[in-house]
Amino acid sequence: MEQQDFQDSLYIIDSYGLIYRAYYAFIGRPLTNKNGENVSAVFGFFRNLKALLDTYHPRYLVAAFDPIGPTFRHQMYKEYKATRQKTPEDLHAQIPVIETILSEMGIPVIRQDGFEADDVIATLATQCANEGKGCRILSADKDLMQLVSDKIQILKPGKTGGWEIVRANGVEAEWGVPPEKMLDLLSLIGDTADNVPGVAGVGIKTALKLLAEYGSLDEIYNHEEEITGALGNKIRNGKDAAFFSRDLIRLRYDVPVTCNFDCFLTESLDYAKAAKLLMHHGVLAVAKQFATTENGSDKTQGLSGAEIQEQKVSGTESTGGTSLVFSATSGVAEDGTSKTVVGAETDVSFPEDEEFDTLRKNSGEYRAVTQESELKDIIDGLLSQDKPTVAFDCETDGLDPRCARLVGFSLSWSTGKAVYIPLVSGDGLLGTPLPKKSFVTEQLQRLFKREDARVIMHNGKFDYQVLKSNGVEKICCFIWDTMVAGWLLEPDRSSYSLESLAAGKLGLETISYKDIVPKDKTFADISLETAVPYASEDADLTWQLYVLFKSRLEKTNLLDLFETLEMPVMPILAEMEYKGIHIEKEELAEYGKELSASIESLRKEIYDLVGYEFNIASTKQLQKVLFEDRKLPTGKKTKSGYSTDTEVLERLALIDPVPKKILEYRGKTKLLSTYVESLGTLADKEQRIHTSFIQTGTATGRLSSRDPNLQNIPVREEEGRRIRTAFTASPGNVLISADYSQIELVILAHLSGDKGLCAAFTSGMDVHKATAALIFGVPAENVTPDMRRTAKTINFGVMYGMSAFRLSNELGIPRAQAQSFIDKYFTTYADIQMFKEETISFAEKKGYVETLMGRRRYIRGINSRNKLEKSGAERIAVNTPIQGSAADIVKKAMLKVTETLTTKHIPCDLLLQVHDELIFECPETVAHEATKIIQDAMEHVITLRVPLRVSVEVGPRWGDFH
């Protein structure tokens, strides 16, 4: 049905949804009448109602309300909506006013005991559709998206005012599924607002993938055993919760209400009565709109123009002055004088409970500072303190910190208060001069060069580089990063963005960047009025998170790790990113030609083996080649047929040449597209690549890399070496590679205290050869390469809980033989088995494990009754202290090496960290001295039961090493 077909349709208002939305839209600056009563909800509800009547001219209209008491869902689940905060008294008082005005003007109010308004709406909409009429529901409730059909549409509040009509294709565009699958989607992801559980750990992206593959919730659980890994564990563990959530979310269509079109007619609505009642309650602006409506113009009942005045918002009268105070919620300026007060840290108590019923709009006392003298006063005030502490956030016109222009910055030193200092304004501030960049840089330099200052940032690595590229070059203060703090406290969290942490930890809804900055614009283009609330809020929330996280880090004994390891390493990472590494595009281009020729040759080989040409990248065509034409054994089955993933192809490659060639083809095409073709385009004008090191990217503490990911370039294969060869030292310089030798096995030896493993490392023996000699019962000199390979696989596999099945696949041996090797290993290294058992026992009791330096990782599922989930949790519990301790040691080494080189005035820059390897660049003339310092610092950074050994190499190219 198109829009014109809805002229004869029923319009249903989801009343509570509109009431709450109106109330909270003005939460920062509530609308009050002359008696001081909050009328925000009344104002917003009837302004929207009037716009609806004027825009769509509905023939039939009804308002659905929730019941006074509990519903059948509360009987099903006593925790239903239990996390919601109590309705504010000043909102609760407005609801009967709204109901009375609706009834008096002739709009039916419908509620039914035991049922929510959603169920009333679902019943009425379905009855309406069955009568052949269209229905439009005014609501932003995602649960109602289930109802959308050719006859039922949603009118959702638009981002820029008015309403957006949501049809079936609109549901799919927004949610990724058609209306008939919304129930299954919501059952998987749950609803924190209503306290509906869903499947723990399954977000919307994962849920959409599952529904795309299996079609429905029922089909997902019909194939639950096919879903592998951590996701499979989550799905199986959450089965009861998923179906229970579906029962809770499913709308009812049998509410005892009747769709009486005669009662819902809008022909005789009494606009004048609505106007009079609105005026009585002091909502004068909306009263005027209803009184002057053509429908009610003859029924004004004595309402005069003098009586109907514009609604005024309570606020501070203007007394002059140059400062502007802005509301964080509305973005509207209040006139008023201001006084700059720089104080100490505010003692704010935050709830430990992170379950919030609804997100509150953030509000604060935010203002712009446009006078240079006032900025100087603020910096003077901060620097007059002993150990100055302030939250800082910068705004830029781009996302590349090395070339982005500093548009402005905000400061906060107390909860709810912040200032924004603009260097650029989209509206020119009505001709008012802004602080000069040179002056601002000078003032910022005063703050950042103060060694005892503590500057709190969120994603400080970005701000650090922005400051550096905009003239603030001496950054000596201590940077306290709330993003890293949030990660250290909760390392398995999916997002550490300011928006996510503010919502999850503070219960606050932030202003969205995309809502204030148009698509083709930057922050430099928006008005100061719009910029101040957004920028100031960032600094304010950063301060609030600092107060909360500092306390929690202290309580969990993580503050020392945070302040002595994670924070000192952050500026080092920023400098590494800023410096970058030189790359030779010509070398890459040449290799690209060779790789393309090799790929084409492989393609022809595959076609010759198969007997015809096909699309090698097509899963469907490859399935036909492997399983129909070549009759190879099938493995796991997906919705699209039998799997052709790497694991399957590796198994099939043992019995057929085609899968082996396919694997080789895939590897080369990935190298070509991911590295060879893209790396050259990422180099700057000085031919340097600047990767981003992600400090919060793993739960173990290891650093990760992206844009581009330089940690994933294959190490052993010739192809990977050729790519690394393109990374070179600048003219006159050399690269230094310092690589910890088998650091994770060293840590395993230290943690377990196993005499055999410790002896192998202490004596300097080849640990894999020593292990092979013990397992196979032969002298070390008689160990063959195959024996060593087996031992190496077991040595590393044991840290990851490798099973006999996996080991048999890795080595291409029978499972019984693989199990025999594992048994011999743990007989040989009995203390390792004891370490595993003790670590798992600790995790079961405490719920977490720790690294050597006290880093924690919480182990979900460690006490699960589900064997698959528990075994996965046990693997994580054993691996984390090993891998996490290695990550801590590498970071500590980065600190010690940097400090030593700086102290000795050796010009040597750390460029890359690739897990256990550090890459430096220095002048060739100091390379010998630098290598000695680097090796000594890394090997003596920590004392273990066994020695840490570092191999150091020097050369012009990264590809020359190892």
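In full-length UniProt numbering, the protein residues as written are 1 to 962. Glycine included, C-beta positions come from ideal geometry on N, C-alpha and C.
Neighbourhood of residue i by C-beta, 7 angstroms cutoff - its chain only, sequence neighbours within 5 removed
i	result
S245	S187, G190, V196, P197 and G198
T790	A772, L811 and F821
R945	A749, H750, G753 and C758
M802	none
K660	A653
K234	V199, A200, G201 and V202
Where the alpha helix (DSSP H) containing residue i begins and where it ends
i	result
R806	A804 to L811
T900	K867 to T903
G955	Here G955 belongs to no alpha helix (DSSP H); instead the beta strand (DSSP E) covers V950 to G955.
P923	Taken as a continuous stretch (DSSP letters only), P923 belongs to no alpha helix (DSSP H), being part of the beta strand (DSSP E) at E917 to P923.
V97	I95 to M105
Reduced DSSP category for residue i - H, G, I as helix; E, B as strand; rest coil
i	result
N795	helix
R367	strand
Q819	helix
K361	strand
G801	coil
Q742	coil
F243	helix
residue 983	Not covered by the structure: residue 983. The range shown for the chain is 1 to 962.
G229	helix
I862	coil
I713	coil
Q309	Note on Q309: pLDDT 37, under 50, position unreliable in the model; no value is reported.
T931	helix
T839	helix
T728	strand
R450	coil
Residues near residue i in its chain [Cβ-Cβ closer than 8 angstroms; skip 5 each side]
i	result
D380	none
D141	D14, G17 and D118
Rounded C-alpha distance that separates residue i from residue j
i	j	result
V177	L383	55 angstroms
D888	H928	27 angstroms
T258	V109	13 angstroms
L506	T192	15 angstroms
I220	D143	21 angstroms
V440	L467	11 angstroms
K239	A830	39 angstroms
V286	C135	27 angstroms
F826	V202	37 angstroms
G364	G170	36 angstroms
L124	L138	13 angstroms
G697	V484	10 angstroms
S495	L501	8 angstroms
T762	K769	14 angstroms
Pair within 8 angstroms by beta-carbon distance, residue i and residue j
i	j	result
L277	E99	no
S40	Y20	no
V283	N33	yes
R724	W958	yes
V746	L559	no
S678	I694	no
G455	F448	Going by the sequence as given, residue 455 is Val instead of Gly. Yes; because the gap between Cβ atoms is below 8 angstroms, this pair is in contact.
For residue i, the first and last residue of its enclosing beta strand (DSSP E)
i	result
V914	D909 to V914
residue 970	An answer regarding residue 970 cannot be provided, because it is not within the stretch 1 to 962 covered by the chain.
W480	F478 to D481
C394	T389 to T396
F627	Element bounds for F627: n/a, residue is neither H nor E.
W163	W163 to V166
L10	L10 to D14
G408	L406 to S414
C259	Segment: none, C259 is in no beta strand (DSSP E) and carries neither H nor E.
Any non-hydrogen atom of the ligand FAD closer than 7 angstroms to residue i Cβ
i	result
V472	Here there are no bound small molecules, and the ligand FAD is not part of this structure.
Chain-order list of residues whose beta-carbon lies under 6 angstroms from that of residue i (same chain, five-residue window excluded)
i	result
V532	F326, Y366, A368 and Y420
Q621	F614 and N615
G398	A404
A873	I859, G861 and I862
D298	Residue placement at D298 is flagged as unreliable, the pLDDT there being 37, under the threshold of 50; a coordinate-derived value is accordingly withheld.
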